[in-house]
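Chains as they are written, first to last, in my numbering: chain A, 13 to 252; chain B, 306 to 578.
Yeah, the Cβ is synthetic: ideal placement off N, Cα and C, and Gly gets one too.
From a predicted model like this one, the values you see are computed outputs, not experimental measurements.
Take a look at the structure below.
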């Protein structure tokens, strides 16, 4: 382990531990697919509607259906109220989520249609985009949308010189000592372990970055187990 | 919002059932679905709760922020309700700017709370003419199976009833989280809640499902509060293009009164409990 200022996590986790996770599918009865995914105090829900005919017509693709993702934080999800409706951050996260999920879904059997995925965050404690992607992947699977692989998402970060898995809000935004905090959201596919999403802001060496990916793989395996259990428990009313 | 297309067969079935005093889901015409209230939706706001009538589900959260008072009421806090009928909740809701249905819903709920004086706005003044608390109620529809207006209205009241008072840091002029014990100042005596009744076929129906809502000829929302143990009307809103006959109005008021009597104690318990 590298010598650094950040030696111990406030919540007692090991640096490689994901926060306690909870996942459930079938949370919105009127939807084609739905799921919730929680890690620690961060909660995400996702709803899938479709495949359904895409309007306006000129956006339709005769070769394949398309995936359309929106992401939003609910006004009461954070301490400073968020104005309802789209904003730049939400639009971008929706788009990168859409790219990540589009790399595994196969909508070629549904030309001219759209599959809508709505991701919402009722309570935030950092890592909302990855929680949202975990929920969205579950909701797509729950809806029976053809997927080449499952995806799992995790934020790996660097706090001062220490590599840390699944940052909470304190670690992500409030820690400024030494080299500060770098958060790296990663989405990995379940079988081939390829990267479906990657973002990074901060400072990190190439070797550290490679280690980040390895930590991400281990964490994503844990997350995948939780996702698969949720799918197996679909329809079980005692679940969750 | 697109229109919910209802096949004629379904319409006839709903109407003919109701003519015999029955509904497709087995309820009586005046029967409400079970009310479920859950806490703990978000710890980051003054309160955030989940309310369900059957499968219709709404989240409501309350935030308090620092604001400048309006010039015409320099010693009063301010208040705002917003509602998202998110496309998550229904095939019929579009993404983007709020449609007329979310605007109407938010405005009806906002007026009901504002005009009744439910929130003691004077007590939300920090420095007259300079600084007051602004109260936000944010409603978010998760699943629409009819009667969102009543569910969202109750959710707003319950979220306000459970909202914690912010801790004001005068030195830095900001809010440092919320009090664990103190709740926001409310006029408990003026609590009123709304019941939306629909005319379907020849029947007056309470707490409509999505399918019933789609074949409704008209709706009337009646809000009632407590006047020495008796219901008193505090707000009304007629929706849809149909007209209300004198006879129907009699039925609606009678039904609203009897529903109010059976539901008010429970609602009060949920709001202040």
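### Query
When the Cα atoms are used, what is the spatial distance from residue 57/A to residue 550/B?
Taking the first residue of the first chain as 1, we reach residue 57/A at position 45. Taking the first residue of the second chain as 1, we reach residue 550/B at position 245. Approximately 44 angstroms, taken between the alpha carbons.
### Message
Looking at residue 363/B: is its Cβ nearer than 8 angstroms to the Cβ of residue 446/B?
### Response
In the second chain, counting from the first residue as 1, residue 363/B sits at position 58. In the second chain, counting from the first residue as 1, residue 446/B sits at position 141. Their beta carbons are under 8 angstroms apart, which means residue 363/B touches residue 446/B by this criterion.
### Task
For chain A, find out if any of its Cβ atoms is closer than 8 angstroms to the Cβ of residue 576/B; answer yes or no.
The residue you call residue 576/B lines up with position 271 of the second chain. Judged by the 8 angstroms Cβ criterion, residue 576/B is not in contact with chain A.
### Query
Would DSSP call residue 568/B helix, strand or coil?
What you label residue 568/B is simply residue 263 of the second chain in a count that begins at 1. Residue 568/B falls in the helix class under three-state DSSP.
### Message
Please state whether the Cβ-Cβ distance between residue 464/B and residue 386/B is less than 8 angstroms.
### Response
Here residue 464/B is taken as the residue at index 159 of the second chain, counted from 1. Here residue 386/B is taken as the residue at index 81 of the second chain, counted from 1. In this structure, residue 386/B does not lie closer than 8 angstroms to residue 464/B by Cβ.
### N-terminal and C-terminal residue of the alpha helix (DSSP H) that residue 86/A is part of
Your numbering for residue 86/A matches position 74 in the first chain. No alpha helix (DSSP H) contains residue 86/A, which DSSP labels as neither H nor E.
#### Entry: Within 7 angstroms of chain B by C-beta, residues of the stretch 82 to 99 of chain A in sequence order
82, 86, 87, 88, 89, 90, 91, 93 and 96
### Task
Check residue 128/A in the structure and name its three-state DSSP category.
Locating residue 128/A in the first chain gives position 116, where the first residue counts as 1. Strand at residue 128/A.
### Query
What are the boundary residues of the beta strand (DSSP E) that residue 204/A is part of?
Working through the first chain from its first residue, we reach residue 204/A at position 192. Element bounds for residue 204/A: n/a, residue is neither H nor E.
### Task
To the nearest angstrom, report how far apart residue 558/B and residue 503/B are at their CA atoms.
Here residue 558/B is taken as the residue at index 253 of the second chain, counted from 1. Here residue 503/B is taken as the residue at index 198 of the second chain, counted from 1. If I take the Cα positions, the gap works out to 12 angstroms.
### Query
Between the beta-carbon of residue 208/A and the beta-carbon of residue 116/A, is there less than 8 angstroms?
Stepping through the first chain from its first residue, residue 208/A is reached at position 196. Stepping through the first chain from its first residue, residue 116/A is reached at position 104. Yes, the pair counts as a contact, with Cβ atoms nearer than the cut-off.
### Message
So for residue 531/B, helix, strand or coil by DSSP?
### Response
What you label residue 531/B is simply residue 226 of the second chain in a count that begins at 1. Strand at residue 531/B.
### Task
Go through the stretch 25 to 64 of chain A residue by residue and report every complete run of the beta strand (DSSP E) that reaches 3 residues or more, in order.
33 to 37 and 45 to 51
### Query
From residue 18/A to residue 52/A, what does the alpha carbon distance come to, in whole angstroms?
Here the question's residue 18/A lines up with position 6 in the first chain. Here the question's residue 52/A lines up with position 40 in the first chain. Between residue 18/A and residue 52/A, the C-alpha separation is close to 20 angstroms.
### Query
Is the Cβ-Cβ distance between residue 367/B and residue 351/B less than 8 angstroms?
By one-based count along the second chain, residue 367/B stands at place 62. By one-based count along the second chain, residue 351/B stands at place 46. The answer is yes: Cβ separation under 8 angstroms.
### Cutoff 8 angstroms: residue 306/B Cβ touching any chain A Cβ
As a working mapping, residue 306/B is identified with position 1 in the second chain. In this prediction, residue 306/B scores a pLDDT of 39, lower than 50, which makes its location untrustworthy; the coordinate-derived value is nonetheless stated afterwards. False, the Cβ-Cβ gap to chain A never drops below 8 angstroms.
### Query
Residues bridged to residue 159/A by DSSP?
As a working mapping, residue 159/A is identified with position 147 in the first chain. Bridge partners of residue 159/A: 117/A.
### Close Cβ partners of residue 177/A (< 7 angstroms) along its chain, the five nearest in sequence each way excluded
Indexing the first chain from 1 puts residue 177/A at position 165. So the qualifying residues of the chain are 27, 28, 29, 30, 166, 168, 227 and 231.
#### Entry: Beta carbon proximity, residue 392/B to chain A, threshold 8 angstroms
Here the question's residue 392/B lines up with position 87 in the second chain. Yes, its Cβ sits closer than 8 angstroms to a Cβ of chain A.
### Query
So, is the C-beta of residue 69/A closer than 8 angstroms to a C-beta in chain B?
Locating residue 69/A in the first chain gives position 57, counting from the first residue. No, residue 69/A does not count as interfacial toward chain B.
### Segment limits, beta strand (DSSP E) that includes residue 372/B
Position 67 of the second chain, counting from 1, holds the residue named residue 372/B. From DSSP, the beta strand (DSSP E) with residue 372/B extends over 361 to 372.
### Message
By the DSSP assignment, the beta strand (DSSP E) with residue 448/B in it spans what residues?
### Response
Residue 448/B sits at position 143 when you count from the first residue of the second chain. Where residue 448/B is concerned, the enclosing beta strand (DSSP E) stretches over 436 to 448.
### Selection of the stretch 439 to 453 of chain B by Cβ proximity to chain A, strictly under 8 angstroms
441, 443, 445, 447, 448, 449 and 450
#### Entry: Selection of the stretch 34 to 58 of chain A by Cβ proximity to chain B, strictly under 9 angstroms
39, 40, 41, 42, 43, 46, 53, 55, 57 and 58
### Task
Let me know if residue 95/A comes out buried or exposed under the rule of 16 or more other beta-carbons within 10 Å of its beta-carbon.
Indexing the first chain from 1 puts residue 95/A at position 83. Residue 95/A is exposed by the Cβ-count criterion.
### Query
If residue 235/A and residue 146/A are in contact, beta carbons under 8 angstroms, what's the gap, nearest whole angstrom?
Taking the first residue of the first chain as position 1, residue 235/A is located at position 223. Taking the first residue of the first chain as position 1, residue 146/A is located at position 134. Contact holds; Cβ gap of about 6 angstroms.
### Query
Roughly how many angstroms separate the alpha carbons of residue 212/A and residue 141/A, rounded to a whole number?
Start at 1 with the first residue of the first chain, and residue 212/A comes out as number 200. Start at 1 with the first residue of the first chain, and residue 141/A comes out as number 129. Taking the straight line joining both Cα atoms gives about 13 angstroms.
### Task
Using alpha carbons as the reference points, say which of 525/B, 317/B, 376/B and 533/B lies closest to residue 542/B.
Locating residue 542/B in the second chain gives position 237, counting from the first residue. Considering only alpha carbons, the answer is 525/B.
### Query
Does the beta-carbon of residue 564/B have 16 or more other beta-carbons within 10 angstroms, so that it is buried, or is it exposed?
Looking up residue 564/B in the second chain gives position 259. Looking at its Cβ environment, which holds 16 or more other Cβ atoms inside 10 Å, residue 564/B is buried.
### Query
Can you list the residues of chain A that residue 348/B reaches, using a CB-CB cut of under 8 angstroms?
Taking the second chain and counting its residues from 1, one reaches residue 348/B at position 43. In chain order: 53 and 135.
### Query
What residues from chain B crowd round residue 132/A, counting only those whose CB sits closer than 8 angstroms?
Within the first chain, residue 132/A is the residue found at index 120, counting from 1. Near residue 132/A (Cβ distances below 8 angstroms), the residues of chain B are 391, 393 and 445.
### Message
I'd like to know if residue 315/B contacts chain A, where contact means its C-beta is closer than 8 angstroms to some C-beta of that chain.
### Response
Locating residue 315/B in the second chain gives position 10, where the first residue counts as 1. Not an interface residue.
### Query
Which residues in the same chain as residue 333/B place their Cβ atom closer than 6 angstroms to its Cβ, once the five residues preceding and following it in sequence are excluded?
Your numbering for residue 333/B matches position 28 in the second chain. For residue 333/B, where only same-chain residues beyond five positions count, there are no Cβ hits under 6 angstroms.
#### Entry: At least three beta-carbon pairs within less than 8 angstroms, the stretch 320 to 328 of chain B to the stretch 503 to 520 of chain B
yes
#### Entry: C-beta neighbour in chain B for residue 101/A, strict 8 angstroms
The residue given as residue 101/A occupies position 89 in the first chain. By this cut-off, residue 101/A is not an interface position.
### Task
Taking the CB atoms as reference points, tell me whether residue 154/A and residue 37/A lie closer together than 8 angstroms.
Position 142 of the first chain holds residue 154/A. Position 25 of the first chain holds residue 37/A. Contact flag set, yes.
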